[in-house]
Structures are given as C-alpha cells and as structure tokens.
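Below: one structure, written as structure tokens.
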Amino acid sequence: MTSRTERNEIARVVGRARRPRRKVPPALANALKIAGLAVVLLWCLFPFLWMAMTSLRTGADALTDPNILRGPFNLDNYRQVVDLGFHFALRNSLVVAALTTLICIPVASLAGYALARLPLAGKFLILSVTLVATLFPPVALVNPLYQMYLRIDEWTGISLLNSYAGMVIPYVALTLPLAVFILTTFFAGIPKEIEESAKVDGATPFQAFWRVVVPLAAPGVGAAAILTFVYATNEFLLAFSFAPRDLNVQTVPVFIGTFQRVGYENPIGQVMAASVLVSIPLIAFALILQRRIVAGLTSGAVKG
Numbered sequence: 001m002t003s004r005t006e007r008n009e010i011a012r013v014v015g016r017a018r019r020p021r022r023k024v025p026p027a028l029a030n031a032l033k034i035a036g037l038a039v040v041l042l043w044c045l046f047p048f049l050w051m052a053m054t055s056l057r058t059g060a061d062a063l064t065d066p067n068i069l070r071g072p073f074n075l076d077n078y079r080q081v082v083d084l085g086f087h088f089a090l091r092n093s094l095v096v097a098a099l100t101t102l103i104c105i106p107v108a109s110l111a112g113y114a115l116a117r118l119p120l121a122g123k124f125l126i127l128s129v130t131l132v133a134t135l136f137p138p139v140a141l142v143n144p145l146y147q148m149y150l151r152i153d154e155w156t157g158i159s160l161l162n163s164y165a166g167m168v169i170p171y172v173a174l175t176l177p178l179a180v181f182i183l184t185t186f187f188a189g190i191p192k193e194i195e196e197s198a199k200v201d202g203a204t205p206f207q208a209f210w211r212v213v214v215p216l217a218a219p220g221v222g223a224a225a226i227l228t229f230v231y232a233t234n235e236f237l238l239a240f241s242f243a244p245r246d247l248n249v250q251t252v253p254v255f256i257g258t259f260q261r262v263g264y265e266n267p268i269g270q271v272m273a274a275s276v277l278v279s280i281p282l283i284a285f286a287l288i289l290q291r292r293i294v295a296g297l298t299s300g301a302v303k304g
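Under UniProt numbering, think of the first position of the sequence shown as 1, with each following residue one higher.
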C-alpha cells in the first residue's frame, strides 16, 4: 500500500515536471524587447541629441532653459566656429589621427603576430608588460618630451614643437601597447593550419601573414584602428602642451579649449557646434570599418 502511494506521488511529480510551462505571448515578448531597446538607445543617444540641440541655441538660452526642444534655433554657433578657423583644426586632427593610425597599426600587427606565433622566451611577461603600459599616464610624458624636443631643436635645428611629428610620436607610443594586445589576441585565435596550407601552396611567411592572417584578423585590426584614431582625435593634454597656439597644427580639442578664454559670454553653443562637426568624421570612420569588421567575421578561411 505504501509503495503504491509512493508510486502515485512520484507520478504526480513527474507529471508536473512534464507539464508545459505557460509561454509568454509573442506580442508581449516583442513589446518588452522593443521597450528595452528603446531604453538603451535613449540612454546612449540622449547625450548626442542634447549636444546637437544645444549647438542650435544661444549660450544664454542653453544655460537658463533646460528644455532642449524649446527654441529659438539658428546656425549662428556653426558660423562663428567656422569663422574662427574650425576647418583648419579639423584638418589637423584628421592628419594627426591618420598618421598615428597608419604608423601604429602596421607596427602593432607585426608585433602581435610575433607574440602570437613565434616561440619567444618570456612571451607572457612581454605581453603582461605591454598590457600594463596601457595604464601609463600621459601627463607623465609632458615635461620629459618637452625638454627632449627643446634639446633636439638645439642640437639638430629640427623643431618638433608646433608640428605634427611632435604629437604623432607620443600618440603612437601611447596607443601601441593596447593595439599590440588586441592584435595578439586575434592572431592567437587563428589556426596555424591555415598558414601552413598557404606555405604549402608556395607562399612565403610574409605573404602568408599579409594575404591570409591579416584578412582573417580584420575585426581586431578594425577595432585597434578605431581606438587609435579616436584617441588621437580626442587627445587634449599633449596637443595643448606641444602645439597650443599655432592654428596650422592646432587640433580640435585645443581649438575648443580656446573658446573658454574668448569673449564674455559662456560659449557652450560654440563648444557643442564644434563637437558635432568633429563627431561626423569619427562616426563615418567607425561605420566604414564596421562594414570591414562584419566582412571579416563572415568570410571563410578554408574552402570546404
């Protein structure tokens, strides 16, 4: 009798476990997904919306009226920014960022490939030191680099102050460790058999690296390039220290910083207008590389 009762109890428990759970209605699930996505988008995009709307208002209106949707709106801030020479600062920022990226990424690719493939002694220590180097504060470089630039000018007559090279050199040094770490991780995840098959087909080691490994590591190359380009575009301290007044080499962050010392009105509208203008090429650069990253993720390496 007891065993029959136990069997009935076990059957009831098993039946409850097998009973299908109530499913969330598809309409409700979609509504929750859309609501969550809307919250995330609002959280991420609201600062850009606030920046764009503030750039269309006067400084007095922006500081006294928190409603960003209330006018009047005009393009005076953009006209003033362009009249002050923003296009020169934007050109300088893009040139410095492009030079930094074009130097940093090839060097980081070769270093990352060596750390990922070659049997080096102390490889883990080298990679650890490289990662720790990303924490190095840029402010510690200002005085030593400034003194070094002065000595180079005295000894050789080559002036690195108020020049593109004076900014590109420290930018490459500061962005290279993180780029090396990122690319080492991506290269290590690519099977060695792919390179070996390319070498069997007659490719040299460099050809296998350039034509096979680098395209497969396109997501890592794109990520490192984006981080390097954005850092070089947004960096302020070193640019302000080495090229503070010359508009021919002054970058956008330094150019925006001068607004705080011009005029008697708070230039928040001009600052936001310049920020909107400098964000456009950065967003375009990220979107272009995003397509390359997706192509690298979906492309096959070995024909089936």
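Yeah, the Cβ is synthetic: ideal placement off N, Cα and C, and Gly gets one too.
Query: Best match in Ile256, Asn248 and Gly222 for proximity to Leu237 [C-alpha to C-alpha]; Result: Ile256
Query: Own chain residues within Cβ distance below 7 angstroms of Ala31, not counting five before or after; Result: none
Query: Limits of the unbroken alpha helix (DSSP H) element including Leu118; Result: Taken as a continuous stretch (DSSP letters only), Leu118 belongs to no alpha helix (DSSP H), as it is neither H nor E.
Query: Within 7 angstroms, strictly: CB atoms of residue 317 and Ala89; Result: The question about residue 317 has no answer here: the residues shown for the chain are numbered 1 through 304.
Query: Reference Pro191, options Val107, Phe209 and Leu56, closest by Cα; Result: Phe209
Query: Simplified DSSP state of Thr185, which is helix, strand or coil; Result: helix
Query: Continuous alpha helix (DSSP H) stretch holding Trp43: start and end; Result: Pro26 to Thr54
Query: Close-in-space but distant-in-sequence residues of the same chain around Cys104 (CB under 7 angstroms, 5 per side omitted); Result: Val172, Thr175, Leu176, Ala179 and Thr228
Query: Beta-carbon contacts of Ile283 that lie in its chain and below 6 angstroms, excluding the five residues immediately before and after; Result: none
Query: The alpha helix (DSSP H) enclosing Ile256, as first and last residue numbers; Result: Val252 to Gly257
Query: Contact check, residue 324 vs Ala97, beta carbons under 7 angstroms; Result: No statement about residue 324 is possible, as the shown extent of the chain runs from 1 to 304 and does not include it.
Query: Three CB pairs or more closer than 8 angstroms across the region 265-277 and the region 74-88; Result: yes
Query: Neighbourhood of Tyr113 by C-beta, 7 angstroms cutoff - its chain only, sequence neighbours within 5 removed; Result: Phe187, Phe209 and Val213
Query: Burial state of Ile34, where buried means 16 or more other Cβ atoms lie within 10 Å; Result: exposed
Query: Three-way DSSP call (helix, strand, coil) for Asp246 in this model; Result: coil
Query: Residue environment, Ile288, which counts as buried when at least 16 other CB atoms sit within 10 Å; Result: exposed
Query: Inter-stretch contact (C-beta, 8 angstroms, three-pair minimum) for the region 136-150 and the region 237-248; Result: yes
Query: Minimum C-alpha distance to Phe181 - residue among Cys44, Leu118, Ser109 and Val252; Result: Ser109
Query: Inter-residue spacing [alpha-carbon to alpha-carbon] between Met51 and Val139; Result: 28 angstroms
Query: Backbone secondary structure at Asn162 - three-state DSSP; Result: coil
Query: Whether Val252 touches Ser93 by CB criterion (7 angstroms); Result: yes
Query: C-alpha distance - Asn74 paired with Thr64, whole-angstrom precision; Result: 17 angstroms
Query: Residue from Ile169, Ser128 and Phe285 with nearest C-alpha to Ala225; Result: Phe285
Query: Buried or exposed (CB count within 10 angstroms, at least 16 for buried), Leu118; Result: exposed
Query: Buried or exposed (CB count within 10 angstroms, at least 16 for buried), Ile158; Result: exposed
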